[in-house]
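Number of protein chains: 2
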Amino acid sequence: MDPAAKKKALRLLSYGLCVATSRDDTGLAAGTINWISQSSFTPPLVMVAIKADSGLHRAVAASRIFAVHIVGKSQKELAAAFFRGAQPAANTLNGYAVETGLTGAPLLLAPPAWFECRVVNEVRGGDHTIFVGEVVDAGVRSEEEALTLRDTGFAYGG
Amino acid sequence: MDPAAKKKALRLLSYGLCVATSRDDTGLAAGTINWISQSSFTPPLVMVAIKADSGLHRAVAASRIFAVHIVGKSQKELAAAFFRGAQPAANTLNGYAVETGLTGAPLLLAPPAWFECRVVNEVRGGDHTIFVGEVVDAGVRSEEEALTLRDTGFAYGG
Numbered sequence: 000m001d002p003a004a005k006k007k008a009l010r011l012l013s014y015g016l017c018v019a020t021s022r023d024d025t026g027l028a029a030g031t032i033n034w035i036s037q038s039s040f041t042p043p044l045v046m047v048a049i050k051a052d053s054g055l056h057r058a059v060a061a062s063r064i065f066a067v068h069i070v071g072k073s074q075k076e077l078a079a080a081f082f083r084g085a086q087p088a089a090n091t092l093n094g095y096a097v098e099t100g101l102t103g104a105p106l107l108l109a110p111p112a113w114f115e116c117r118v119v120n121e122v123r124g125g126d127h128t129i130f131v132g133e134v135v136d137a138g139v140r141s142e143e144e145a146l147t148l149r150d151t152g153f154a155y156g157g
Numbered sequence: 000m001d002p003a004a005k006k007k008a009l010r011l012l013s014y015g016l017c018v019a020t021s022r023d024d025t026g027l028a029a030g031t032i033n034w035i036s037q038s039s040f041t042p043p044l045v046m047v048a049i050k051a052d053s054g055l056h057r058a059v060a061a062s063r064i065f066a067v068h069i070v071g072k073s074q075k076e077l078a079a080a081f082f083r084g085a086q087p088a089a090n091t092l093n094g095y096a097v098e099t100g101l102t103g104a105p106l107l108l109a110p111p112a113w114f115e116c117r118v119v120n121e122v123r124g125g126d127h128t129i130f131v132g133e134v135v136d137a138g139v140r141s142e143e144e145a146l147t148l149r150d151t152g153f154a155y156g157g
């Protein structure tokens, strides 16, 4: 296999930008992700690949819950703010206001939409773990469109 | 959970359009998909959710191989041609020229890029199965950008 062709072909997969959050005994966890897709209508499932050596991974693996926020077209700085995990303070996460969701995951108030999941399956192997989550709650806060990875000029894949 | 909010939030996930192909004892299989993402850099893995009651699913489940083609910005009609599975003829699939890849999967010549996978894991449950594939070959045929689901006005999710 030609590594350059592999990299180029995989980078042609299209992605949006999301911020995922969770919580375990040590506190809140969060991270910007783009390796996510729905994987079933009934029940509503999503599959998300989370970096194995991250605080977000540790929290999701322990708590079996997570929330996903759609980053809006105008919110590139929100996505960038979560590149390096979670910095919690009183009622904020990385400077952004949060409330607590049904599952206990922190929900950011700024993104246009979010959903919360309970992990129903996981696949280890590789440098990320695939968590399959059943969507148990969701909300829409504004009509803003989603930011795509291509919009930002960022790359994660290949 | 509010079903309308769930639908709207899930539809804000961003997708590209791909054509997946495979082959089993009964012949070639194919379908347009958008529920796909990379899931590891090392080894290079992708996760793809394929409709459980489809010919493509039957072929991938049996043969453990599949190919994924990135649909180009100008190739909406190519994506639409594979909505209803595979119609093979001599050296063509749904009217598009093919060659045979490393894994035995048919490779379409028209799309800007493709990669071939061997299934290393699967997760059943829900109306789609998640197949985790290790990328074993890849190629780039043109410099065309990828078509997104949003570009087409199609929806698959929610």
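Going down the list, the protein sequences come from chains E and Y. For the record, in the first sequence the residue sitting at position 66 is 65 according to numbering that gives the first Met the number 0, with numbers rising by one throughout. For the record, in the second sequence the residue sitting at position 130 is 129 according to numbering that gives the first Met the number 0, with numbers rising by one throughout. Ideal Cβ placement from N, Cα and C applies to all residues, glycine included. This one's a predicted model, so the numbers in the text were calculated from it and none came from an experiment.
Asked                                                                                                          : Found
Interface residues of the stretch 20–51 of chain E facing chain Y [CB-CB below 7 Å]                            : W34, I35, S36, Q37, S38, S39, F40, T41, P42, P43, L44, M46 and A48
Environment of E/K72 [buried if 16+ CB atoms lie within 10 Å]                                                  : exposed
Y/Y14 at chain E interface by Cβ criterion, 8 Å                                                                : yes
Residues bridged to Y/W113 [DSSP beta-bridge criterion]                                                        : Y/H68 and Y/G138
Burial state of Y/T102, where buried means 16 or more other Cβ atoms lie within 10 Å                           : buried
Own chain partners of E/G22 with C-beta closer than 8 Å, once the 5 adjacent residues on each side are dropped : Gly is not the amino acid found at residue 22 of chain E; the sequence shown has Arg there. If we look at E/R22 and ignore the five residues flanking it on each side, its Cβ neighbours are A28, A58, S62, I64, G103, A104 and P105.
Short CB-CB distance (under 8 Å) between E/A109 and chain Y                                                    : no
E/A160 to Y/A8 span [Cα, whole Å]                                                                              : The displayed coordinates of chain E run from 0 to 157. Any statement about residue 160 of chain E would go beyond what the structure contains.
Cβ neighbours of E/E144 in the same chain (closer than 6 Å, five flanking residues each side left out)         : K72
Limits of the unbroken alpha helix (DSSP H) element including Y/P2                                             : P2 to R10
Contact belief for Y/F114 with Y/E121 at Cβ below 8 Å, rounded distance in angstroms                           : The pair is not a contact, with the Cβ atoms about 18 Å apart (cut-off 8 Å).
Chain Y contact residues for E/H127, given Cβ-Cβ distances below 9 Å                                           : Q37, S38, S39, F40 and L44
Cβ distance (whole Å) where Y/V47 is taken to contact Y/G132 below 8 Å                                         : 7 Å
Min CB distance E/L55 to chain Y below 8 Å                                                                     : no
Candidates Y/T20, Y/Y155, Y/D150 and Y/T41: closest to E/A51 by CA position                                    : Y/T41
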